[in-house]
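These protein sequence lines are chains A and B, in that order. FYI, in full-length UniProt numbering the residues of the first sequence are 1 to 412. FYI, in full-length UniProt numbering the residues of the second sequence are 1 to 412. The beta carbon of each residue, even a glycine, is placed where N, CA and C say it ideally should be. Being a predicted model, the structure only gives us computed values, none of them experimental.
Protein chains: 2
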Amino acid sequence: MTNYREIQAPLRTIMTPGPVEVDPRVLRAMSTPILGQFDPAFTTMMNETMDMLRQVFQTNNKWAFPIDGTSRSGLEAVLCSVIEPGDRVLVPIFGRFGHLLTEIAERCGADVHLMECPWGQVFDQQAVIEEVRRIQPKVLAIVHGETSTGCMQPLDQIGPACRELGVLTVVDAVATLGGTPVKVDEWQLDAVIGGTQKCLSVPSGMAPITYNEGIEKLLLTRKKVERGVAQEQDRLEVRVPIRSNYFDLSQLQDYWGPRRLNHHTEATSMLYALREGVRIVLEEGLEARFERHRLHERALMAGIRGMGLELFNDVPWKAPMVTCVKIPAAINGESVRQMLLEQFGIEIASSFGPLHGQIWRIGTMGYSCRKENVLFVLSALEAVLIRHQAKIEVGRGMQAALDAYGVERAAN
Amino acid sequence: MTNYREIQAPLRTIMTPGPVEVDPRVLRAMSTPILGQFDPAFTTMMNETMDMLRQVFQTNNKWAFPIDGTSRSGLEAVLCSVIEPGDRVLVPIFGRFGHLLTEIAERCGADVHLMECPWGQVFDQQAVIEEVRRIQPKVLAIVHGETSTGCMQPLDQIGPACRELGVLTVVDAVATLGGTPVKVDEWQLDAVIGGTQKCLSVPSGMAPITYNEGIEKLLLTRKKVERGVAQEQDRLEVRVPIRSNYFDLSQLQDYWGPRRLNHHTEATSMLYALREGVRIVLEEGLEARFERHRLHERALMAGIRGMGLELFNDVPWKAPMVTCVKIPAAINGESVRQMLLEQFGIEIASSFGPLHGQIWRIGTMGYSCRKENVLFVLSALEAVLIRHQAKIEVGRGMQAALDAYGVERAAN
Numbered sequence: 001m002t003n004y005r006e007i008q009a010p011l012r013t014i015m016t017p018g019p020v021e022v023d024p025r026v027l028r029a030m031s032t033p034i035l036g037q038f039d040p041a042f043t044t045m046m047n048e049t050m051d052m053l054r055q056v057f058q059t060n061n062k063w064a065f066p067i068d069g070t071s072r073s074g075l076e077a078v079l080c081s082v083i084e085p086g087d088r089v090l091v092p093i094f095g096r097f098g099h100l101l102t103e104i105a106e107r108c109g110a111d112v113h114l115m116e117c118p119w120g121q122v123f124d125q126q127a128v129i130e131e132v133r134r135i136q137p138k139v140l141a142i143v144h145g146e147t148s149t150g151c152m153q154p155l156d157q158i159g160p161a162c163r164e165l166g167v168l169t170v171v172d173a174v175a176t177l178g179g180t181p182v183k184v185d186e187w188q189l190d191a192v193i194g195g196t197q198k199c200l201s202v203p204s205g206m207a208p209i210t211y212n213e214g215i216e217k218l219l220l221t222r223k224k225v226e227r228g229v230a231q232e233q234d235r236l237e238v239r240v241p242i243r244s245n246y247f248d249l250s251q252l253q254d255y256w257g258p259r260r261l262n263h264h265t266e267a268t269s270m271l272y273a274l275r276e277g278v279r280i281v282l283e284e285g286l287e288a289r290f291e292r293h294r295l296h297e298r299a300l301m302a303g304i305r306g307m308g309l310e311l312f313n314d315v316p317w318k319a320p321m322v323t324c325v326k327i328p329a330a331i332n333g334e335s336v337r338q339m340l341l342e343q344f345g346i347e348i349a350s351s352f353g354p355l356h357g358q359i360w361r362i363g364t365m366g367y368s369c370r371k372e373n374v375l376f377v378l379s380a381l382e383a384v385l386i387r388h389q390a391k392i393e394v395g396r397g398m399q400a401a402l403d404a405y406g407v408e409r410a411a412n
Numbered sequence: 001m002t003n004y005r006e007i008q009a010p011l012r013t014i015m016t017p018g019p020v021e022v023d024p025r026v027l028r029a030m031s032t033p034i035l036g037q038f039d040p041a042f043t044t045m046m047n048e049t050m051d052m053l054r055q056v057f058q059t060n061n062k063w064a065f066p067i068d069g070t071s072r073s074g075l076e077a078v079l080c081s082v083i084e085p086g087d088r089v090l091v092p093i094f095g096r097f098g099h100l101l102t103e104i105a106e107r108c109g110a111d112v113h114l115m116e117c118p119w120g121q122v123f124d125q126q127a128v129i130e131e132v133r134r135i136q137p138k139v140l141a142i143v144h145g146e147t148s149t150g151c152m153q154p155l156d157q158i159g160p161a162c163r164e165l166g167v168l169t170v171v172d173a174v175a176t177l178g179g180t181p182v183k184v185d186e187w188q189l190d191a192v193i194g195g196t197q198k199c200l201s202v203p204s205g206m207a208p209i210t211y212n213e214g215i216e217k218l219l220l221t222r223k224k225v226e227r228g229v230a231q232e233q234d235r236l237e238v239r240v241p242i243r244s245n246y247f248d249l250s251q252l253q254d255y256w257g258p259r260r261l262n263h264h265t266e267a268t269s270m271l272y273a274l275r276e277g278v279r280i281v282l283e284e285g286l287e288a289r290f291e292r293h294r295l296h297e298r299a300l301m302a303g304i305r306g307m308g309l310e311l312f313n314d315v316p317w318k319a320p321m322v323t324c325v326k327i328p329a330a331i332n333g334e335s336v337r338q339m340l341l342e343q344f345g346i347e348i349a350s351s352f353g354p355l356h357g358q359i360w361r362i363g364t365m366g367y368s369c370r371k372e373n374v375l376f377v378l379s380a381l382e383a384v385l386i387r388h389q390a391k392i393e394v395g396r397g398m399q400a401a402l403d404a405y406g407v408e409r410a411a412n
């Protein structure tokens with residue numbers, strides 16, 4: 001017996017940099033009755049999802065599939081499958097998630113070298129390339145879009161330079177995939193990890209990854225088949241085995257590939273969600289989707305500025321899906337967030353580390369990235385700031401946002 | 001643009017030992033719009049889920065929460081958080097999943113010692129206890145229910161003996177939790193891992209675990225806070241850090257506990273599913289649920305025997321939720337499975353390792369464990385076996401199953 005009742009979740013307007021609102025079609029897909037993992041109807045869906053992921057990653061890589069875990073499971077799967085203890089890894093840090101890459105690489109036993117720049121900045125690509133030349137790491141692990149600062153690191157020169165230098169690039173595109181171009185092949189990136197709960201608008205719980213032949217070659221040197229399912233030709237011992245079974249990409253690709261060698265039981269309902277999520281992305285079209293993210297970013301920024309507030313990441317390297325607002329002096333940022341949630345059902349984000357208490361972060365990602373949400377968060381923020389005695393330009397933010405949307409003034 | 005259409009999944013009768021059919025109420029719960037991970041409405045649901053998991057695990061442990069991954073993620077989270085390289089670990093193997101425990105422990109750097117018995121047998125508890133005395137491991141890692149053989153290892157003496165000897169017990173109860181008693185406290189087990197896609201009838205993608213104060217004490221010696229979120233009092237360096245960030249239980253308990261320290265973004269929809277799944281288990285009542293599993297097991301066994309087929313695991317240590325049927329001589333087991341799937345939409349399982357091609361495995365787990373499913377699988381199996389020229393007792397299996405259900409013969 002239990003006193004607990006069925007789930008009664010309030011309906012929120014989620015304007016954080018993830019997790020964001022899930023497309024209702026994705027929610028519906030998740031209520032589909034499940035299939036067995038080796039049911040041909042299900043393996044067909046696995047293959048279709050791989051095919052669509054390749055398109056979203058803009059790659060011809062053979063391997064593009066999800067890790068069954070939240071976004072950081074994708075980071076760890078790639079790093080722990082690629083890094084052998086003692087391997088040199090370079091991590092340029094420009095926000096919280098660079099620290100996460102460092103943390104994971106260290107736990108893999110890497111000899112980690114860091115570059116750091118102040119939160120709010122990104123690196124000059126040449127400076128990173130110089131450091132790669134100097135350190136000569138096996139792997140450069142770098143974040144594409146830092147949700148902690150709303151900044152985006154250009155990679156179009158870093159990728160080709162690393163390729164030339166024989167350095168593997170591992171890129172955290174968790175926040176950017178599906179919201180802005182992540183050109184895996186054109187930028188010559190070796191392994192890229194995306195996120196579901198950001199611009200793909202799928203619930204957290206899967207991490208789509210892709211990697212190329214260079215990575216695959218390396219994996220095969222560490223490949224080891226699980227004893228319980230091994231056959232005669234399979235190798236059971238290797239020189240430096242991957243330290244994780246769950247994250248062993250050499251085994252996972254045997255499960256996602258034609259051999260379909262039993263590993264875990266694929267997370268059926270999440271796979272349904274991911275399949276539907278990437279299908280919706282491709283139905284909208286990548287370019288149209290990126291343009292939509294830019295449109296709502298412009299309107300949100302115009303509204304914030306119009307209100308007389310200052311932007312933290314009003315820089316050429318701003319990530320289009322994260323807008324950081326400086327908390328006005330003498331205003332309690334957490335009190336504002338709480339009133340937004342309690343009175344309007346709107347969630348925006350606070351911040352980490354050196355920016356803690358300094359900025360609010362507003363996301364415009366995926367399904368959350370739409371006009372009514374942007375207008376609602378602006379109007380609610382204005383009302384709540386007035387309620388906190390903040391000095392703002394009353395009424396101007398909304399008008400600026402409507403202007404950005406090209407809404408004509410009606411004739412008298 | 002994409003040519004793929006919305007998901008169109010055939011509706012199957014899933015009678016494998018996992019994944020099994022999901023309760024429609026759980027499917028519906030997953031289509032609930034998501035909440036942010038720190039939304040009070042969501043953290044309340046996290047706490048409620050912990051509370052209900054404790055009841056399902058029959059424990060008063062403080063810690064009972066899911067790992068965001070499939071079942072083996074729970075095994076790896078516990079083992080890699082507990083095992084330091086060089087630690088002695090004893091694994092008694094009586095089927096495929098003992099090999100998996102070995103595989104994971106080895107990758108954690110453990111000095112693994114094995115006991116093996118033929119597939120289809122389990123260990124005499126005293127023999128395990130003797131071996132624990134002899135090897136003096138830090139950890140005994142053992143499977144409770146082996147879906148590969150349909151056998152269940154008694155643990156009621158092993159647990160208390162290990163406690164007395166100062167050996168930590170880590171138990172894989174993936175297949176058994178929710179279908180038969182898993183008495184964490186009474187059996188004095190230190191860490192236990194359950195599965196969602198078996199007797200809980202929740203989709204694969206989460207792994208509920210529980211562990212006690214002894215394990216927690218050990219975790220705290222290895223605790224290390226992530227740099228990106230660390231505060232002054234937090235330790236950044238430890239002697240032997242946990243080799244995984246994703247599976248670091250010392251960090252995960254800070255996320256699930258009152259500190260709510262940011263780690264991953266909780267897999268919202270899967271948490272909804274798990275909360276609803278365990279709620280339904282408790283609503284039915286543990287004892288009633290276990291009795292239901294035994295009832296349908298009896299009917300299925302009677303039906304199989306009545307048909308003139310032989311059971312592989314007709315033993316006192318049979319797991320009630322897995323019934324293994326010997327494939328009759330000269331019958332192609334895979335052809336039978338294929339006809340069941342294609343003509344009836346019924347899925348039963350093949351087998352691994354030494355049992356490959358020898359047995360079919362039929363699951364009666366969770367929502368799949370109900371009368372109409374048992375009767376349907378028996379009647380379909382009979383028809384398909386006749387279609388394969390097998391010598392069976394025509395019509396007798398169904399009558400035996402109806403007898404087992406206590407269905408009276410109608411008067412003329």
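For B:Gly145, which residues in the same chain have their Cβ closer than 6 Å to its Cβ, ignoring the five residues on either side in sequence?
Met152, Ala175, Thr176 and Ala319
Determine the closest residue to A:Ile346 out of A:Glu213, A:Tyr211 and A:Asn373, with distance taken between C-alpha atoms.
For A:Ile346, the nearest C-alpha among the options comes from A:Asn373.
Since A:Tyr255 meets chain B, which of its residues come closer than 8 Å, beta carbon to beta carbon?
What A:Tyr255 touches in chain B: nothing, since even the nearest Cβ is about 11 Å away.
Can you tell me whether B:Ile392 is helix, strand or coil according to DSSP?
coil
Quick one: what does DSSP say A:Leu155 is sitting in, helix, strand or coil?
coil
What span of residues does the alpha helix (DSSP H) with A:Cys80 cover, start to end?
Ser71 to Val82
Comparing the C-beta of B:Asp68 with each C-beta of chain A, is any distance below 9 Å?
yes
Whole angstroms is fine: what's the gap from B:Glu84's alpha carbon to B:Val78's?
Here the alpha carbons of B:Val78 and B:Glu84 stand approximately 12 Å from one another.
Which ranges would you report for the beta strand (DSSP E) in the stretch 191-233 of chain A if only whole runs of at least 3 residues count?
191-194 and 207-211
Using 10 angstroms around the beta-carbon of A:Gln8, count the other beta-carbons present and answer buried if the total reaches 16, otherwise exposed.
exposed
List, in chain order, every chain B residue whose beta-carbon is nearer than 7 Å to that of A:Asp23.
Chain B residues near A:Asp23: none, gap ~10 Å exceeds 7 Å.
May I ask you to report which of helix, strand or coil DSSP gives A:Arg279?
When DSSP states are grouped into helix, strand and coil, A:Arg279 belongs to the helix group.
Only counting the same chain, and skipping five residues up and downstream in sequence, which positions put a Cβ closer than 6 Å to that of A:Ala400?
So the list reads Ala302, Gly303 and Gly306, once near-sequence residues are dropped.
Would you mind listing the alpha helix (DSSP H) stretches within the stretch 78-146 of chain B that are 4+ residues and don't spill past its ends, in chain order?
96-107 and 125-135
In the DSSP output, what is B:Val171 paired with across the bridge?
In DSSP, B:Val171 forms a bridge with B:Ile142 and B:Val192.
Just checking my contact of B:Leu101 with B:Asp172 at CB under 8 Å: how many whole Å lie between their CB atoms?
Rounded to whole angstroms, the Cβ separation of B:Leu101 and B:Asp172 is 6 Å, and the two are in contact under 8 Å.
Is B:Arg277 close to chain A, meaning its C-beta is less than 9 Å from at least one C-beta of that chain?
A small fix is needed here, since residue 277 of chain B is Gly in this sequence, not Arg. So no, B:Gly277 is outside the interface.
Through-space distance from B:Ala64 to B:Met50, alpha-carbon basis
Taking the straight line from one Cα to the other gives about 5 Å.
For the stretch 26-40 of chain B, which residues have a beta carbon sitting closer than 7 Å to at least one beta carbon of chain E?
In the structure shown, chain E does not exist; the protein chains are A and B.
Quick one: using the 10 Å Cβ neighbour count with 16 as the cut-off for buried, is A:His293 buried or exposed?
buried
Got a sec? Which residues, its chain only, sit under 6 Å from A:Ala161 by beta carbon, not counting five neighbours each side?
In its chain, beyond the 5 residues on either side, Ile129 have a beta carbon closer than 6 Å to the beta carbon of A:Ala161.
Which whole-angstrom value is the C-beta distance of A:Ala141 and A:Val89, which I expect to be below 8 Å?
6 Å
Cβ of A:Cys369 less than 9 Å from any chain B Cβ?
no
Please report whether the beta-carbon of A:Val122 lies at a distance below 9 Å from any beta-carbon of chain B.
no
Whole-angstrom Cβ separation of A:Ile242 and A:Asp234, contact assumed at under 8 Å?
Not quite, the Cβ-Cβ distance comes to about 15 Å (not below 8 Å), so this is no contact.
Is B:Arg227 close to chain A, meaning its C-beta is less than 9 Å from at least one C-beta of that chain?
Chain A contact via Cβ: present.
What three-state label does DSSP hand residue 416 of chain B in the structure shown?
Chain B is shown from 1 up to 412; residue 416 of chain B falls before or after that span and cannot be answered.
Which chain A residues are close to B:Val246, counting only those with a beta carbon under 7 Å from its beta carbon?
Note on identity: in this sequence residue 246 of chain B is Tyr, with Val being the wrong assignment. Result: Gly69, Arg72, Ser73 and Glu76.
Here's the rule I'm using: 16 or more other beta-carbon atoms within 10 Å means buried, otherwise exposed. How should A:Gln37 be labelled?
buried
Closer than 8 Å: is that where the CB of B:Asp51 sits relative to any heavy atom of the ligand MG?
Because no ligand of any kind appears in the structure shown, any question about the ligand MG cannot be addressed here.
Counting along the chain, where does the beta strand (DSSP E) carrying A:Lys326 start and finish?
Val322 to Lys326
Give me, in chain order, the residues of the same chain whose beta-carbon lies closer than 6 Å to that of residue 444 of chain A; leave out the 5 immediate sequence neighbours on both sides.
Residue 444 of chain A lies beyond the residue range present for chain A, which begins at 1 and ends at 412; the question has no answer from this structure.
Quick one: residues in its chain with C-beta nearer than 6 Å to the C-beta of A:Glu408, no 5 flanking neighbours on either side, listed in chain order?
none
Run down chain A in chain order and give the residues with a C-beta less than 8 Å from the C-beta of B:Met52.
Per Cβ cutoff of 8 Å: Thr2 and Tyr4.
Using only CA atoms, which one of A:Gly277, A:Met15 and A:Leu11 lies nearest to A:Glu48?
A:Gly277
Does the stretch 384-399 of chain A touch the stretch 337-344 of chain A, meaning 3 or more C-beta pairs lie closer than 8 Å?
yes
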